[in-house]
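Numbering (the numbering used here), first residue to last: 210 to 463.
Glycine residues also receive a C-beta, built at the ideal position from the N, C-alpha and C atoms.
So the structure is just underneath, and the comments pick up after that.
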Amino acid sequence: MSKIYTTAAEAVADIPSGASLAVGGFGLSGIPDELIAALAEGKGTDFEVFSNNCGVDGHGLGILLGDKRIRRVTASYVGENKEFARQYLSGELEVELTPQGTLAEKMRAGGAGIPAFFTPAGVGTPVSQGGLPWRYHADGSVALASPPKEIREFRGRRYVLEESITADFALVHALRGDTEGNLVFNKAAMNFNPLAAMAGKICIAQVEQLVEPGEIDPDQVHLPGIFVDRIVHTGMQDKQIEKRTVRAAKEARA
C-alpha cells in the first residue's frame, strides 16, 4: 500500500480528539508546520503533546495552543510562547517539564520498545523527588503535582527511573524522503524529528523533496522507512525565525 498522501489534510484526517502526538522540531527549526496547520483546520481537540516546546504564538503548535485544543504538554521549556506560559500559570493547561536529554531518550526508548530507563539527570531535584507543578488552580495554587520517582544506586551513583514515551501519532518534518519513507533531515532539523517519529504508533512525515526508492544513498538515511507510515510532499517551506535581533544601520557601520 502506498504511503503517499496528496495533501496534509488527508494525512491527518483521522487523528481524533484526545489523541497523543509526538511532534518533531526545536523552537521553529524543523517543525512539521503544514501538518500542524492541517490539523488545526480540523475539529480535533483535547490533544496530549510530546514536544521539546510548543511552537510560538501563532505558529507551529502555538496555533493549536491558541485555539485551546491542547490539554497537556510534556516539554523541556516554555520558550518564546507567551500563550503557553499564560495557560500553564492560569490552570488552563497541564504541563510536565522534563530535562531535554531525558525527553529525547524517553521518545527514543519508546520507539525501541524499552519501557523505562535509569538516568542521573534530575536526581536530588523535584524531577525525582516530586512536587513539580503539573497544573495550577486559577488562584495560583498547585492543583496537581508530579509524583516522586524510583531512585536506585549503580556503582555508587544514584539514578532516577524514567518511563519511555509512545504516542498515537507522530508529526515530523524532513528535507528529503523517498516513497518508502526513508528520511533525511537537514542540519538542526535532526533535533527531535527522528525521535518523535520512532515514538509514534503512526508516523506522518512532511518532506520538502520526494524521490524514488534508491535515490537516497543508504548511508545517508537518518530514519529508515519502517518507522514512517504516511508521507506528504510539501515542497520548500518558508523558514520562520523565532526571534530576530538586529542593530540599527548606523550602529552596524560603526
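Here E421 is not near L384, since their CB atoms are 8 Å or more apart. Cβ contact annotation for V282 (same chain, cutoff 6 Å, sequence separation greater than five): V258, C263 and V304, in chain order. For Q309, the uninterrupted alpha helix (DSSP H) segment begins and ends at Q309 to A321.
Taking 8 Å as the cut-off, the Cβ atoms of A414 and G390 count as close. Shown here, F394 sits in coil according to DSSP, grouped into three states, outside any helix or strand. By the neighbour-count definition (other C-beta atoms within 10 Å, threshold 16), D223 is an exposed residue. Sequence-distant Cβ neighbours of L370 in its own chain, meaning closer than 8 Å and more than five residues away, are A325, F326, F327, K358, E359, I360 and R361. When DSSP assignments are scanned along the region 327 to 412, the uninterrupted stretches of alpha helix (DSSP H) that are 4 or more residues long and fall wholly within it turn out to be 335 to 338 and 402 to 408. Per DSSP, F293 is one residue of the alpha helix (DSSP H) stretching across K291 to S299. At a Cβ-Cβ threshold of 8 Å, L306 and L353 do not count as neighbours. Note that the region 429 to 444 touches the region 393 to 404; at least 3 beta-carbon pairs, one per stretch, sit closer than 8 Å. Spanning the alpha carbons of S337 and G331 requires a straight line of approximately 6 Å. When rounded, the separation of the alpha-carbon atoms in D377 and M210 is 20 Å.
8 Å or more divides the Cβ of L237 from the Cβ of L273. Per DSSP, the beta-bridge partners of V282 are V258 and V304.
If the five residues before and after R367 are omitted, its C-beta is found closer than 6 Å to the C-beta atoms of V332 and I360, all from its own chain and listed in chain order. Comparing C-alpha distances from L244 to each of A218, I213 and L230 shows the shortest one belongs to A218. In this structure, L270 places its C-beta atom within 8 Å of the C-beta atom of S260. The beta carbon of G409 is closer than 6 Å to those of A231, A376, F378 and A379 in its chain, skipping five residues each way along the sequence.
Taking every protein chain shown into account, the CB of G233 has 16 or more other CB atoms within 10 angstroms, so this residue is buried. Bounds of the alpha helix (DSSP H) holding A246 are D242 to E250. Bounds of the beta strand (DSSP E) holding A231 are S229 to V232.
Taking R344 as the centre and dropping the five residues before and after it, the same chain places the C-beta of G300, E303, A352 and L353 closer than 7 Å to its C-beta, in chain order. Between L419 and G386, the gap from beta carbon to beta carbon is short of 8 Å.
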